[in-house]
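Shown next, in structure tokens, is the structure this report addresses.
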Amino acid sequence: MRTSSAVLSLAVAATLLAAFRPSLAAERDRAQQLNKIKVTAEEEGRSTVGNVQVVGVTDLEAEQAQNFEDAIRYIPGVSIVDLGRFGENGFNIRGLEGDRVALTVDGLSFAESVETTPAYEFFRASRGSIDIDSVKAIEVVKGADSIAAGSGALGGAIMFTTKDPYDYLKPGGNDSYFRVKTGYTSNTDELMTTATLANRTGRVESMVLYTRRRGHEADSWYDSSPIETGSGRRTPDPIDRESDEVLAKLDFLIGDSQRFGLVGEYSRATNEINNLSRVGGPGYLTRRADDDNDRDRYGLRYSWDAASTFFDSLEWTADRVETKSRALTTILAGTGCVPQNVVPCVRSEDRATEQVLDRTALDFSKAWRTGSVGHDLVYGLAWQQREVDFAAVDTRYVGRTSDTSSITVDPDQVPNTDVTTYSAYLRDSLYLLNDRLTLHAGVRYDRTEYSPTLDAQFVDPTGSIHDVEFSAPTWQAGLDFKFTDEHSVWAQVGRGFRAPTVGELYAPTSSSIVTEVATGQQVSLWDSASNPDLEAEESLNTELGYRWQTESVQIGLSAFRDKYTNFIEINDFIQDPGTQYQSCSGNTCTVTLGKEYSMAANVGEVTVKGVEVEGRWSISQQWSVRLAASYSEGEKENGDPLPSILPASGVLGLRYQSPTQRWSLTGNVTHAEAKKLKDATLSETSDFFTSLVPDYLSDAYTVLDLFGDINITKDLRLNAGVYNVFDAKYYLWPRVRFVNEGTNTLYGYVTGDGIGRYSEPGRNFRVSLSWQF
Numbered sequence: 042m043r044t045s046s047a048v049l050s051l052a053v054a055a056t057l058l059a060a061f062r063p064s065l066a067a068e069r070d071r072a073q074q075l076n077k078i079k080v081t082a083e084e085e086g087r088s089t090v091g092n093v094q095v096v097g098v099t100d101l102e103a104e105q106a107q108n109f110e111d112a113i114r115y116i117p118g119v120s121i122v123d124l125g126r127f128g129e130n131g132f133n134i135r136g137l138e139g140d141r142v143a144l145t146v147d148g149l150s151f152a153e154s155v156e157t158t159p160a161y162e163f164f165r166a167s168r169g170s171i172d173i174d175s176v177k178a179i180e181v182v183k184g185a186d187s188i189a190a191g192s193g194a195l196g197g198a199i200m201f202t203t204k205d206p207y208d209y210l211k212p213g214g215n216d217s218y219f220r221v222k223t224g225y226t227s228n229t230d231e232l233m234t235t236a237t238l239a240n241r242t243g244r245v246e247s248m249v250l251y252t253r254r255r256g257h258e259a260d261s262w263y264d265s266s267p268i269e270t271g272s273g274r275r276t277p278d279p280i281d282r283e284s285d286e287v288l289a290k291l292d293f294l295i296g297d298s299q300r301f302g303l304v305g306e307y308s309r310a311t312n313e314i315n316n317l318s319r320v321g322g323p324g325y326l327t328r329r330a331d332d333d334n335d336r337d338r339y340g341l342r343y344s345w346d347a348a349s350t351f352f353d354s355l356e357w358t359a360d361r362v363e364t365k366s367r368a369l370t371t372i373l374a375g376t377g378c379v380p381q382n383v384v385p386c387v388r389s390e391d392r393a394t395e396q397v398l399d400r401t402a403l404d405f406s407k408a409w410r411t412g413s414v415g416h417d418l419v420y421g422l423a424w425q426q427r428e429v430d431f432a433a434v435d436t437r438y439v440g441r442t443s444d445t446s447s448i449t450v451d452p453d454q455v456p457n458t459d460v461t462t463y464s465a466y467l468r469d470s471l472y473l474l475n476d477r478l479t480l481h482a483g484v485r486y487d488r489t490e491y492s493p494t495l496d497a498q499f500v501d502p503t504g505s506i507h508d509v510e511f512s513a514p515t516w517q518a519g520l521d522f523k524f525t526d527e528h529s530v531w532a533q534v535g536r537g538f539r540a541p542t543v544g545e546l547y548a549p550t551s552s553s554i555v556t557e558v559a560t561g562q563q564v565s566l567w568d569s570a571s572n573p574d575l576e577a578e579e580s581l582n583t584e585l586g587y588r589w590q591t592e593s594v595q596i597g598l599s600a601f602r603d604k605y606t607n608f609i610e611i612n613d614f615i616q617d618p619g620t621q622y623q624s625c626s627g628n629t630c631t632v633t634l635g636k637e638y639s640m641a642a643n644v645g646e647v648t649v650k651g652v653e654v655e656g657r658w659s660i661s662q663q664w665s666v667r668l669a670a671s672y673s674e675g676e677k678e679n680g681d682p683l684p685s686i687l688p689a690s691g692v693l694g695l696r697y698q699s700p701t702q703r704w705s706l707t708g709n710v711t712h713a714e715a716k717k718l719k720d721a722t723l724s725e726t727s728d729f730f731t732s733l734v735p736d737y738l739s740d741a742y743t744v745l746d747l748f749g750d751i752n753i754t755k756d757l758r759l760n761a762g763v764y765n766v767f768d769a770k771y772y773l774w775p776r777v778r779f780v781n782e783g784t785n786t787l788y789g790y791v792t793g794d795g796i797g798r799y800s801e802p803g804r805n806f807r808v809s810l811s812w813q814f
């Protein structure tokens, strides 16, 4: 860990303990921060799944969350998917990750994953992102809920809701709000500033929110590396990060019950990386990267609180989201400098993808009572079309000059494809027995059509790529029975689904020439092919739970069993298995029955089961305790474990709120068990870069975080925290899971102390100051 960070962290801790001592002279009117934002989503989400946690803006501010990983840091059983150079790319919930966890923002799906060979780390497209300061609530759904989140909600869903003008303004009349927040995070050396302006003049409400971030790579536990370059480097590669995001909304109030609005988002993020850990041998003398991730959104929205016969409220939205990812890798090579043979020479690998999502949706809600039976009905329709495109260009230069030796436009990773989805859903909640019994039932239907376009950049020699369409009905049912005023049980069962990504359905195809032994005739047979018969992945989630809730205590315990079928994996198949073919490489020829080729197929089955507990205890008006823990285990159809399952973990938190509400202090202890070898060892794999036995495992660890806030005046607020207070050295399983031991820098392998660059930061601090009026 860095010594300067340690000293500053201790100083922040001392300041916290000194500044947060109770002050009898503190006036109560100074105790309240003028925190106008009112986020009802903090109390309840859109999903009826029994195991849902909503992280609201109050929690995000108190915990000083700067990114997605920070936002879910204290939710056991949930982690971020880390793509190394390419940053965060989705979440892991109960062992399922990537595109198998649905991500939405205001109902709009994030982009789907597109990547080239991950080990080369030339390109792994981000699914998109939104700055955490633009978000007012994050709904974390554990278990399938395709009705609320759509395709991808196999293991769960993460649903973001952005801030609105009315969150900051008083209920009626003209009003204005302004806030500026600035902060510093030591482990990334990040400086951030967020400015928020909201206004209501007459019947027009508006809001503009701008966030700027400038920082570096996240620290490891080590502050130096004896080896500067190569696989033994134990500190992370240097990265300069920049991001800018603007969220703007404009609403026109039509009478007392209607609202028409416009929304716009502008997001730009750039990373400049010096890939020192991948420098080695004559091949890579230097390696640098420039990555850009852009996201733009334009939308219309209309809402009507009609209280009519068929609906109480109506909401219509229409949006376009453009997501672009580009990765430019520049290498100074000591070999392969042809045809001029000027050594060393510069070469670049330029990869880019663009995804455009158009979506319109119409949602209704209706609540009514018939005698002693209550209903809460939601239903709606949606249409969306996603266009996915990819481009790759390799450039070779003459020596170190800007003169080009060659420019090669590589075949596209996927064809330009339009994916159109039509969906409809309906869900009703019935309240019976004086509302002691609640029944939930819902159904959703999706029809998805894929239309690829072949061109000079994506040629299909196998003839296996063509239009595909399929439908996926899903459903959900559950009950919640309160058998006393304080005790209740709940149960749910639901079917989730995930439509294939364009990359899975239309991965690059190839063929080769072989000789048919019987006739001597040369024929073209597949090396890799597309599978137009892929089906949606499915899940059947079953969960039982118990709750005890009083005025001061809330405890929930649940047990779940999730079965996933039709998992899409790359497998090997035999074409023409009854025919002998001869293939030659150099002077060596082999004869086989049929021709082996690879293709994506619905072959995988996985079962995940576990238990989770969540509890809160308000000891007094000032003191409260929170407990959360998660344990799960997963098994594949062949008996192998599911390596992506997170080790058992838990969080214990203690919070003190001053009597005047002027300041608070929270201590959170996080503990995770070690990842056991038997839970990560496979008997077979179809991925060349996936080891049957992992080279590295994560050990058990315990970490203490201490953070708090104080209202210096009614308009000025200070947040500060020290994280990993005792400077523990530890690793997260999602980060070391794919790390291989070896000297091959091309694949990012690790030797000796090189694993240290994947360690988590040592003691570090965060501080922010906000002023508002």
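Residue numbers (this note's numbering): 42 to 814.
Note that the Cβ used here is the ideal one computed from N, Cα and C, for glycine as well.
Quiz item: Among residues of its own chain, excluding the 5 on either side of residue 237, which ones have a beta-carbon nearer than 6 Å to its beta-carbon?
Solution: 220 and 250
Quiz item: Rounded C-beta distance between residue 412 and residue 471? I'm assuming under 8 Å.
Solution: Going by Cβ atoms, the distance from residue 412 to residue 471 rounds to 12 Å, so no, they are not a contact pair.
Quiz item: Between the C-alpha atoms of residue 769 and residue 716, what's the straight-line distance to the nearest angstrom?
Solution: 17 Å
Quiz item: With residue 798 and residue 329 assumed to form a contact (beta carbons below 8 Å), what rounded beta-carbon distance in angstroms separates them?
Solution: About 17 Å separates the two Cβ atoms, so there is no contact after all.
Quiz item: Taking 7 Å as the cut-off, is the CB of residue 149 close to at least one heavy atom of the ligand GTP?
Solution: The ligand GTP is not part of the structure shown, which contains no ligands of any sort.
Quiz item: If we ignore side chains and look at the alpha-carbon of each, how far apart do residue 805 and residue 763 end up?
Solution: 6 Å
Quiz item: DSSP puts residue 312 in a beta bridge; with which residues?
Solution: 282 and 332
Exercise. For residue 149, I'd like the list of residues in its chain whose CB is within less than 7 Å of its CB, leaving aside the five on either flank, ordered along the chain.
Key: 360, 362, 398 and 400
Quiz item: So what does DSSP say about residue 756, is it helix, strand or coil?
Solution: coil
Quiz item: Where residue 262 and residue 743 are concerned, what is the direct C-alpha to C-alpha distance, given to the nearest angstrom?
Solution: 15 Å
Practice problem: Use the C-beta contact count for residue 441: other C-beta atoms within 10 angstroms, 16 or more gives buried, fewer gives exposed. | Solution: exposed
Exercise. Give the straight-line distance between the Cα atoms of residue 55 and residue 735, rounded to the nearest whole angstrom.
Key: Because the pLDDT of residue 55 is 45, which lies under 50, any placement of that residue in the model is unreliable, and the number read from its coordinates should be weighed accordingly. In a straight line, the C-alpha of residue 55 is about 42 Å away from that of residue 735.
Practice problem: Take residue 217 and list the residues in its own chain whose beta-carbon comes closer than 6 Å to its own, dropping the five residues that flank it on each side. | Solution: 240
Quiz item: Assuming residue 364 and residue 152 make a contact with CB atoms under 8 Å, what is their CB distance in whole Å?
Solution: 4 Å
Quiz item: What is the residue span of the alpha helix (DSSP H) that residue 708 lies within?
Solution: No alpha helix (DSSP H) contains residue 708, which is instead part of the beta strand (DSSP E) from 704-713.
Quiz prompt | Other residues of its chain near residue 793: CB distance less than 6 Å, five sequence neighbours each side excluded | solution = 273
Exercise. Along the beta strand (DSSP E) that carries residue 323, what are the first and last residues, could you check?
Key: Segment: none, residue 323 is in no beta strand (DSSP E) and carries neither H nor E.
Quiz item: Taking buried to mean at least 16 other C-beta atoms within 10 Å of its own C-beta, is residue 78 buried or exposed?
Solution: Residue confidence is low: residue 78 scores 44 on pLDDT, short of 50, so the model does not pin down where it sits. No coordinate-derived value is stated.
Quiz item: Leaving out the 5 sequence neighbours to the left and right, which residues in its chain are closer than 6 Å to residue 169 when beta-carbon positions are compared?
Solution: 151, 152, 336 and 364
Quiz prompt | Collapsed DSSP secondary structure at residue 720 in the structure displayed | solution = helix
Quiz item: Going by the beta-carbon positions, is the gap between residue 724 and residue 781 smaller than 8 Å?
Solution: no
Quiz item: By Cβ distance below 8 Å, which residues in the same chain neighbour residue 388 in space, the five residues on each side in sequence not counted?
Solution: 371, 372, 374, 377, 435, 436, 437 and 438
Quiz item: Considering residue 654, what are the terminal residues of the alpha helix (DSSP H) in which it resides?
Solution: Counting along the chain, residue 654 falls outside any alpha helix (DSSP H), though it belongs to the beta strand (DSSP E) covering 629-659.
Quiz item: What span of residues does the alpha helix (DSSP H) with residue 101 cover, start to end?
Solution: 98-103
Quiz prompt | Simplified DSSP state of residue 493, which is helix, strand or coil | solution = strand
Quiz item: What are the boundary residues of the alpha helix (DSSP H) that includes residue 776?
Solution: 774-777
Quiz item: How big is the Cα-Cα spacing for residue 597 and residue 534?
Solution: 18 Å
Exercise. State yes or no: is the C-beta of residue 682 within less than 8 Å of the C-beta of residue 720?
Key: yes
Self-check item: Cα-Cα separation, residue 648 to residue 592
Solution: 38 Å
Self-check item: Counted within 10 angstroms of its Cβ, other Cβ atoms place residue 386 as buried (16 or more) or exposed
Solution: buried
Quiz item: Straight-line CA distance for residue 102 to residue 504?
Solution: 54 Å
Practice problem: With a 10 Å radius around its C-beta and 16 neighbouring C-beta atoms as the bar for buried, classify residue 481 as buried or exposed. | Solution: buried
Exercise. Spatial neighbours of residue 173 within its chain, please: CB distance less than 8 Å, with the 5 preceding and 5 following residues excluded, ordered by chain position.
Key: 101, 106, 107, 108, 109, 111 and 112
Practice problem: Inspect the beta-carbon positions of residue 610 and residue 685 and report whether they are closer than 8 Å. | Solution: no
Quiz item: Are the beta-carbon atoms of residue 196 and residue 137 separated by less than 8 Å?
Solution: yes
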